[in-house]
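Written below as structure tokens is the structure these notes are about.
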Amino acid sequence: MKLTSTFLFAASASALIAERSHALAPYLRPDSEHLVPEGYIVRFQPNHTLEDHFANIGFDVRQFASVFMEMPVSNAYLFELTESNNYIIHDFIRHDPGVLRIEHDEYLHDEQIFHREAAPPPPTYAEKVKRWINSLRSQGPWNQVMITLGKTNDFGGETNVGSSFFAQYSFVDSGAGVDVYVFDSGIKVEHESFKAFGRQIATHFKGKKTSDTSPYCGSGVVMDDLLGHGTHVAGIICNRDGGAVHKANLINVKVQKCGGSIGKVETAVNDVVTAHNNNKSKPPSEWKGSVINMSIGFTILNFQGLQDALNAANNAGIHIAAAAGNQRQDWLEIPARFASTFSVGAVDIDYNRWTGGYAGIRGSNYHKKLNI
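Residue numbers -23 to -1, 1 to 349, in mature numbering (1 follows the signal peptide of the UniProt record, and there is no 0), belong to the letters of the sequence shown in order.
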């Protein structure tokens, strides 16, 4: 049965905290072919709460939603309705004076990514364990050396370099106590590269299991990485046989190439900020902080909410790294263009901007505001 405002407000008059507004809250609908059917983000005025909202409209929206996700950092919520219930938006929610605006959610039409092997292959050199006991790495690929030295070096064209370079940088406790949230296509956390010396290097966010569905993807999509991209990125950050920061904790936040939406990515950022703030208030043993890595890029029309959420993450003390993009163009993708992120491009072994040649990728984007 379709709800009526007369019935609802008669039933909830004692709970009503504000008169029904005759001026409708703005409804923003992007001119896009990628709209989520009956998917919406409701944003509140400052100090308006979800409980206030339900009192004003006369019912709990969750009883009609097929998907409902709170965003406390953004002071908003995301939900999806059936088409038969979409009148709720215009007949009730837009009449709450505490609603700032309603946005129609948009699927991610993100940058095409190429399939990678599940994780970087193990090194061919011996004594894998010994180098972790010693204070310095003894050997490794040039690109790993490059991102950890903090200065330029002449590698002489050698793709696998030795101790003369690694001796300049200590890897003893690199990344210790730091949670790195990897926003990507997932991580194969059971891969042997993420198990070392009694420690599980990679885990799923919110205690999820590999076979569990990701809350930030389409219906039924599991946490496991089915593309390899996110696992490869995670392996560059930290893995048993290498990585830039070998003592970091990798956390899988699956958002890419899985039927997700811009609203669900924003929700994921909200959840990470909440987890980070909880850790700040009651720090786990040896916890030092959080990092978000987003080796992903989006072309979307309605990105203000995501930008605001990443600003909040940055203000909470979370460092955010985002890929510039692989179109070899003078621009930065979303979210790399946001001031809250460290935008990262790619170079070759001689520190020249990478111009492609791998798996059909055109090369690194560039821009005057590119950070790294």
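Note that beta-carbon positions come from the ideal geometry of N, C-alpha and C, so glycine has one too.
A quick note: this is a predicted structure, and the numbers were derived from the prediction, not measured.
Practice problem: State yes or no: is the C-beta of L77 within less than 8 angstroms of the C-beta of R20? | Solution: One thing to note: L77 has its Cβ within 8 angstroms of the Cβ of R20.
Practice problem: Would you mind working out which of G274, H67, S191, L55 sits nearest Q304, comparing C-alpha positions? | Solution: Minimum Cα distance to Q304 is reached at G274.
Quiz item: Going by DSSP, what residues sit across from A300 in a beta bridge?
Solution: DSSP output for A300 lists V321 as bridge partner(s).
Quiz item: Which class does K241 belong to by DSSP, given the choice of helix, strand or coil?
Solution: K241 carries a helical assignment under DSSP once its states are collapsed to helix, strand and coil.
Quiz item: Shorter than 8 angstroms from the beta carbon of D248 to some beta carbon of chain D?
Solution: You won't find chain D in this structure, because it holds only one protein chain.
Practice problem: Return the bridge partner residues of T190 from the DSSP annotation. | Solution: T190 is bridged to V199.
Practice problem: Please work out which residues of its chain come closer than 6 angstroms, Cβ to Cβ, to N52, disregarding the five sequence neighbours upstream and downstream, and give them in chain order. | Solution: For N52, where only same-chain residues beyond five positions count, the Cβ hits under 6 angstroms are F21.
Exercise. Grab the span of the alpha helix (DSSP H) containing E28 for me, first residue to last.
Key: That run of the alpha helix (DSSP H) goes 27 to 34.
Self-check item: Beta-carbon proximity of V159 to L227, cut-off 8 angstroms
Solution: Using a Cβ distance threshold of 8 angstroms, V159 and L227 count as a contacting pair.
Quiz item: Going by beta carbon distance, what residues of the same chain come within less than 6 angstroms of R71, once the five residues before and after it are set aside?
Solution: If we look at R71 and ignore the five residues flanking it on each side, its Cβ neighbours are L1, A2.
Self-check item: Straight-line gap, S320 to H25 (C-alpha atoms, nearest Å)
Solution: Between S320 and H25, the C-alpha separation is close to 34 angstroms.
Exercise. Could you please give the first and the last residue of the uninterrupted alpha helix (DSSP H) stretch that includes N288?
Key: 281 to 292 is the span of the alpha helix (DSSP H), which, as asked, contains N288.
Exercise. Answer yes or no: do E83 and L12 have a C-beta to C-beta separation smaller than 8 angstroms?
Key: E83 is a Cβ neighbour of L12, given a cutoff of 8 angstroms.
Quiz item: Under the DSSP definition of a beta bridge, which residues are partnered with H181?
Solution: N229, per the DSSP bridge assignment.
Practice problem: Pull up the CB-CB distance for V230 and V199, whole angstroms please, since I reckon it's below 8 angstroms. | Solution: Between V230 and V199 a beta carbon distance of about 14 angstroms is seen, past the 8 angstroms cut, so the two are scored as non-contacting.
Self-check item: The beta strand (DSSP E) enclosing G266, as first and last residue numbers
Solution: First-last of the beta strand (DSSP E) with G266: 266 to 271.
Quiz item: Would you call the stretch 288 to 306 and the stretch 330 to 349 touching, i.e. three or more CB-CB distances under 8 angstroms?
Solution: Touching, per the Cβ criterion.
Quiz item: Got a sec: does the ligand GTP put a non-hydrogen atom nearer than 7 angstroms to the Cβ of N348?
Solution: Within the structure as shown, the ligand GTP is missing, as the structure has no ligands at all.
Exercise. Taking the CB atoms as reference points, tell me whether P49 and N255 lie closer together than 8 angstroms.
Key: No, these two residues do not count as a Cβ contact at 8 angstroms.
Quiz item: Are the beta-carbon atoms of P74 and S151 separated by less than 8 angstroms?
Solution: For P74 and S151, no; Cβs fall outside 8 angstroms.
Exercise. Name the residue from C215, I66, F36 whose alpha carbon lies nearest to the alpha carbon of G154.
Key: The option with the nearest alpha carbon to G154 is C215.
Quiz item: Can you name the start and end residues of the beta strand (DSSP E) that H81 belongs to?
Solution: Secondary structure note for H81: its beta strand (DSSP E) is the uninterrupted segment 76 to 83.
Quiz prompt | Through-space distance from G163 to R108, alpha-carbon basis | solution = Because R108 sits at a pLDDT of 35, beneath the cut-off of 50, its placement in the model cannot be relied upon, and the point is left open.
Exercise. Would you kindly work out how many angstroms separate the C-alpha atoms of P192 and P23, rounded to a whole number?
Key: Using only the alpha carbons, I get a separation of about 27 angstroms.
Quiz item: Do the CB positions of D156 and S61 come within less than 8 angstroms of each other?
Solution: Against a cut-off of 8 angstroms, the Cβ pair of S61 and D156 comes out as no contact.
Practice problem: Apply the 10 Å Cβ neighbour rule to P312 and answer buried if 16 or more other Cβ atoms are within range, or exposed otherwise. | Solution: By the Cβ neighbour-count rule, P312 is buried, with 16 or more other Cβ atoms within 10 Å of its own.
Quiz prompt | C-beta atoms of residue 364 and L85 nearer than 8 angstroms | solution = Nothing in the structure corresponds to residue 364, since the chain is present only between -23 and 349.
Practice problem: Return yes when the Cβ of H253 is within less than 8 angstroms of the Cβ of A289, no when it is not. | Solution: Not in contact: A289 and H253 (Cβ atoms no closer than 8 angstroms).
Practice problem: Quick one: residues in its chain with C-beta nearer than 6 angstroms to the C-beta of E243, no 5 flanking neighbours on either side, listed in chain order? | Solution: G282, L283, A286.
Practice problem: With DSSP as the reference, label K172 as helix, strand or coil. | Solution: In this structure, K172 counts as strand in the three-state DSSP scheme.
Quiz item: Under the three-state reduction of DSSP, which class applies to I311: helix, strand or coil?
Solution: Residue state for I311 is assigned as strand, using DSSP reduced to three classes.
Quiz prompt | Beta bridge counterpart(s) of I65 as assigned by DSSP | solution = Within the DSSP secondary-structure output, I65 pairs in no beta bridge.
Self-check item: Reference P7; option with closest CA among R314, I277, W308
Solution: Out of R314, I277, W308, I277 has the C-alpha closest to the C-alpha of P7.
Quiz prompt | Bridge-paired residues (DSSP) for V157 | solution = In the DSSP output, where bridge partners are listed per residue, V157 has L227, V268.
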